[in-house]
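Engineer: First, the structure itself, so that you have it in front of you.
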Amino acid sequence: MRTFVHGAAVWDVACPRQPSRVAGVTMAGFRVRDLDTLRMVPHPAVTLLLEFGAGSPVLDGAAGQQQRGSVVAGPGLGSGGAVLARGENVECVQVRLSPVIAGAVLGVSPADLDGAVVSLGDLWGREASRIRERLCDAPSWQDRFALTDALLVRRYEAGPPVDPEVAWAWHRIVGSRGLTRVDGLAAEVGWSRKRLWSRFRSQLGLPPKRAVKLVRFDHAAHRLVAGEGAAQVAADAGYADQSHLHRDVMAFTGTTPAAVAGEPFLAVDDIAWPGREAPARPHLSRDLRLGHRPQDA
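For the sequence shown, position 260 (counting from the first letter as 1) is numbered 260 according to UniProt numbering, and the numbering increases by one without interruption.
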């Protein structure tokens, strides 16, 4: 376990020694004595937060909405700067699920989350309580990661895969870091635009154009955190100009690129989520084989 210090933020962070047996799953463990109003920055993944400590994290959303304990949220959690996290003596395993495999793991499509933060108890019933108890009883972080991975493997193998055409389109967007032209995706998979847009939205929880913008923003935001200038980031990340980057960052976070560069939620990624770079673009014929269960990062 390593200690992350960023301004007033001091967190203990643990990482699994082995990757998940389900491609498209990454996880990290956090122990935070005082979680003081953390802005949740949108990320192109479904977030599964499994808490088990003496305290309990609280997510404050728009219009006074509030969730405590273990939660699930669709891709783009926190858009507009609308979700803040807080709490004391928080211990949790945070799992990031590729939208391609999230439906199988969760038992519902990310689209059914409708951009909201949902209590895991509401989604999984008593299984959520049993998971919490087992995580609390586990003697080490590596045991907790192994327990969590076994849970994810079991649920994933029992769940239905997304359409291989949808999986391929998502891979294409992620592999290009959001620089894919969405108009050509349907032609490349041999579907009509209407069919791809409908299946993509219903199975992954967001339309292709939104997915492109979210993936592009995520890449740009991490470059800002790394200390790169906004003008250079805008040019390299596919924005028309620096003002375009500024508008996109404001839309996703409710704050400026300069403020995003100092967000602990993003700065911790180098410790908590090593190797987060997008994979190379997959081969179309491989991903469109019938019966293929998609692999995603």
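C-beta: ideal position from N, C-alpha, C; glycine also.
Expressed to the nearest angstrom, what Euclidean distance is found between the alpha-carbon atoms of E157 and A150?
Structural biologist: Going by the C-alpha atoms only, they are around 11 Å apart.
Engineer: Please look up how many angstroms separate the CB atoms of residue 324 and G24, rounded, as I've assumed it's under 8 Å.
Structural biologist: This structure cannot settle anything about residue 324, because the visible part of the chain is limited to 1 through 297.
Engineer: Could you tell me the boundaries of the alpha helix (DSSP H) in which S243 lies?
Structural biologist: S243 -> alpha helix (DSSP H) spans Q242 to T253.
Engineer: When DSSP labels each residue in this structure, what does V95 get in the three-state scheme?
Structural biologist: In this structure, V95 counts as strand in the three-state DSSP scheme.
Engineer: Taking its Cβ as the centre, do 16 or more other Cβ atoms sit within 10 Å of T26, making it buried, or is it exposed?
Structural biologist: Under this definition T26 is a buried residue.
Engineer: Could you tell me the distance, in whole angstroms, from the CA atom of A169 to the CA atom of L196?
Structural biologist: When rounded, the distance between both Cα atoms is 9 Å.
Engineer: Can you tell which of R247, V117, P75 and E91 has the C-alpha that lies nearest to the C-alpha of residue 299?
Structural biologist: Coverage of the chain is limited to positions 1 through 297, which leaves residue 299 absent and any answer about it impossible.
Engineer: Nearest-angstrom Cα distance between C136 and H244?
Structural biologist: If you take the alpha carbons of C136 and H244, they lie about 46 Å apart.
Engineer: Considering only residues of the same chain and omitting the five flanking positions on each side of G55, which have a CB-CB separation below 7 Å?
Structural biologist: Once the five neighbours on either side are set aside, the close Cβ partners of G55 are G87, E88, N89 and V90.
Engineer: What three-state label does DSSP hand R289 in the structure shown?
Structural biologist: The predicted position of R289 is uncertain, since its pLDDT is 40 and thus under 50; a value taken from the coordinates is nonetheless stated next. Residue state, collapsed to three classes: coil.
Engineer: My output table needs one value for Q18: the three-state DSSP class, helix, strand or coil.
Structural biologist: Q18 falls in the coil class under three-state DSSP.
Engineer: So, G69 versus V105, is the Cβ gap smaller than 8 Å?
Structural biologist: Their beta carbons are not under 8 Å apart, which means G69 does not touch V105 by this criterion.
Engineer: Along the chain, where does the alpha helix (DSSP H) that runs through F145 open and close?
Structural biologist: Taken as a continuous stretch (DSSP letters only), the alpha helix (DSSP H) holding F145 covers W141 to A158.
Engineer: In three-state terms, what does DSSP make of P282?
Structural biologist: Only weak support is given to the placement of P282: the predicted model assigns it a pLDDT of 46, under 50, and the value that follows is read from those uncertain coordinates. P282: coil per DSSP, three-state reduction.
Engineer: Is Q232 helix, strand or coil by DSSP?
Structural biologist: If DSSP states are grouped into helix, strand and coil, Q232 belongs with the helices.
Engineer: So is M40 buried or exposed if we call it buried at 16+ other beta carbons inside 10 Å?
Structural biologist: M40 is buried by the Cβ-count criterion.
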